[in-house]
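First the structure, in the form of structure tokens, and then the observations on it.
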Amino acid sequence: MFVGLREIREAKGRFTLMGAVVGMITLLLVMLTGLTAGLGAQNTAGLAALNPAGYVFGNAATDEAPEDLTFVESSVTSQDQQAWAATEGVDDAVPVGMAQTLLTAESSGSVAVWGIPEGSGLVEHTASPALHGATEPSADGVVLSESIAEDQNLQVGDAVTIGPVDLTVEGIVEDQWYSHSAIVWVTTESWQAMTHAEDHVLGNVLAIFGTEDATAWDATAESTATVNTSVSESFQALPAYSSESGSLTMMQGFLYAISALVIVSFVTVWTIQRTRDLAVLRALGASSGYLMKDSLGQAAVILAVGVVAGASLGAGLGALAATAVPVSLSALTVIGPAVGIWVLGVLGSAIAVRRVSKVDPLLALGGN
6 MFVGLREIRE AKGRFTLMGA VVGMITLLLV MLTGLTAGLG AQNTAGLAAL
56 NPAGYVFGNA ATDEAPEDLT FVESSVTSQD QQAWAATEGV DDAVPVGMAQ
106 TLLTAESSGS VAVWGIPEGS GLVEHTASPA LHGATEPSAD GVVLSESIAE
156 DQNLQVGDAV TIGPVDLTVE GIVEDQWYSH SAIVWVTTES WQAMTHAEDH
206 VLGNVLAIFG TEDATAWDAT AESTATVNTS VSESFQALPA YSSESGSLTM
256 MQGFLYAISA LVIVSFVTVW TIQRTRDLAV LRALGASSGY LMKDSLGQAA
306 VILAVGVVAG ASLGAGLGAL AATAVPVSLS ALTVIGPAVG IWVLGVLGSA
356 IAVRRVSKVD PLLALGGN
């Protein structure tokens, strides 16, 4: 890389510009990847943290299994719960009711209400032991996520109204999220009162705990006209999740494609401009392999400097933005895009510098 490094030192402006472009694209990808992960977590964190073997969707209004699975339209009954609880491989089948409504105290705010059987232990299983007060809600109580308590300035013992139901704050736990709203936990009876559900409707889904027995579970699903899904498959039953994730992932794909095109274009133009210099080296005895390695090494160095700067800046800005928007920073969301840009850039550079191996030494002597 003797020649490549000398060229970088001699043409600082040209290579600084290229490094800056690569850095900006990396910055955008780090921020966008972090935002995608953060928004996804705000949609599905509660569902993932509950961590059952699967979720069961039903349709209490008909005897037919639901075709389009959504948490909002799904409903499971006491008969569904009893049938699944008695199924081979099922340790427990816990109904979970879900709704989004307003919590009103001194002010109002949107919350995701999860209705669970009293004493089920799901709050501690999903979120954490209580930071303050009780971990599980009682008949007239509610357990809040920490961010809701802070936003509304609520403490254990305060009275709140959720939908049409008056409740008392009995506990505060660590934040969990569902469909971009922080979760509050109430009993199944309180959820039924909020949603005006019939007595035999226990929730939107059943959280199935145990070890899957495919034959037995399929038989129960067929006999109860319900649908069993894995945790990851259930995410698609959140309309906002699938559309949001698809849009942001497509934007990431476009940015990767744009970065590859920009890098290939720059390296191609630079290779054409230095053709006579390369011809001189060929005339002095440099092999095609040496020139290829030198050119690729030069591109790899520029790309490395650009992606490191962009990823570092993206991580810093992401940490600042996380106080206002749901940006998730991790090795995957920071290092992943940087490595992706670098690998794409090197592959693109390899395509662009192929002409190096075909440089004619006669060009150095003024030949055609």
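In this note's numbering, the protein residues as written are 6 to 373.
Every residue, glycine too, gets a C-beta built ideally from N, C-alpha and C.
Assigned with DSSP and collapsed to three states, GLU175 falls in strand.
Within the same chain, and ignoring the five residues on either side of THR92 in sequence, the residues whose Cβ sits closer than 7 Å to its Cβ are ALA221, TRP222 and THR225. The straight-line gap separating the alpha-carbon atoms of ALA316 and SER237 is approximately 29 Å. Under the three-state reduction of DSSP, VAL116 is assigned to strand. Judged by beta-carbon spacing, GLY39 lies within the 9 Å limit of GLY323, meaning their Cβ atoms are closer than that value.
Three or more Cβ pairs closer than 8 Å define a contact, and the segment 343-359 falls short of that threshold against the segment 51-62. Within the same chain, and ignoring the five residues on either side of ALA104 in sequence, the residues whose Cβ sits closer than 7 Å to its Cβ are VAL118, TRP196, MET199 and THR200. With contacts defined by Cβ atoms closer than 9 Å, GLN157 and ALA110 form a contacting pair. The C-beta of THR82 has 16 or more other C-beta atoms within 10 Å across all chains shown, which makes the residue buried.
The criterion of a C-beta distance shorter than 9 Å is satisfied by THR338 and ALA42. Runs of the beta strand (DSSP E) lying entirely within the segment 151-217, each at least 3 residues long, are 164-167, 170-178, 186-192, 206-208 and 210-215 in chain order. By alpha-carbon distance to ALA154, the top candidate from GLU194, LEU108, GLY126 and SER125 is LEU108. The residues PHE62, VAL232, THR234, SER239, GLN241 and ALA242, in chain order, have a CB closer than 8 Å to that of LEU74 in the same chain once the five nearest residues on each side in sequence are set aside. Inside the segment 75-105, DSSP marks whole alpha helix (DSSP H) runs of 4 or more residues at positions 83-90, from first to last along the chain. Taken in chain order, the whole alpha helix (DSSP H) runs of length 4 or more contained in the segment 222-287 are 236-239 and 244-278. Shown here, THR109 sits in a strand according to DSSP, grouped into three states. By the criterion of at least three beta-carbon pairs nearer than 8 Å, the segment 243-261 is not in contact with the segment 128-148. The C-beta separation of ILE121 from SER150 comes to about 14 Å, leaving the pair out of contact by the 8 Å criterion. Here VAL148 carries a strand assignment [DSSP, helix/strand/coil].
PHE76 is classed as buried because its beta carbon has at least 16 other beta carbons within 10 Å across all chains shown. Between the segment 142-149 and the segment 170-186 there are three or more inter-stretch CB-CB distances shorter than 8 Å, so the stretches are counted as touching.
The beta-bridge partner set that DSSP reports for GLY59 consists of ILE213. Residue burial is scored here from C-beta neighbours: ARG279 has at least 16 other C-beta atoms within 10 angstroms and is therefore classed as buried. In terms of CA proximity to LEU207, VAL101 leads the group VAL101, ALA53 and ALA66.
If you draw a 10 Å sphere on the C-beta of THR254, you find fewer than 16 other C-beta atoms in it, and that means exposed. By a beta-carbon distance limit of 8 Å, THR273 does not contact ALA336. Their separation comes to about 33 Å.
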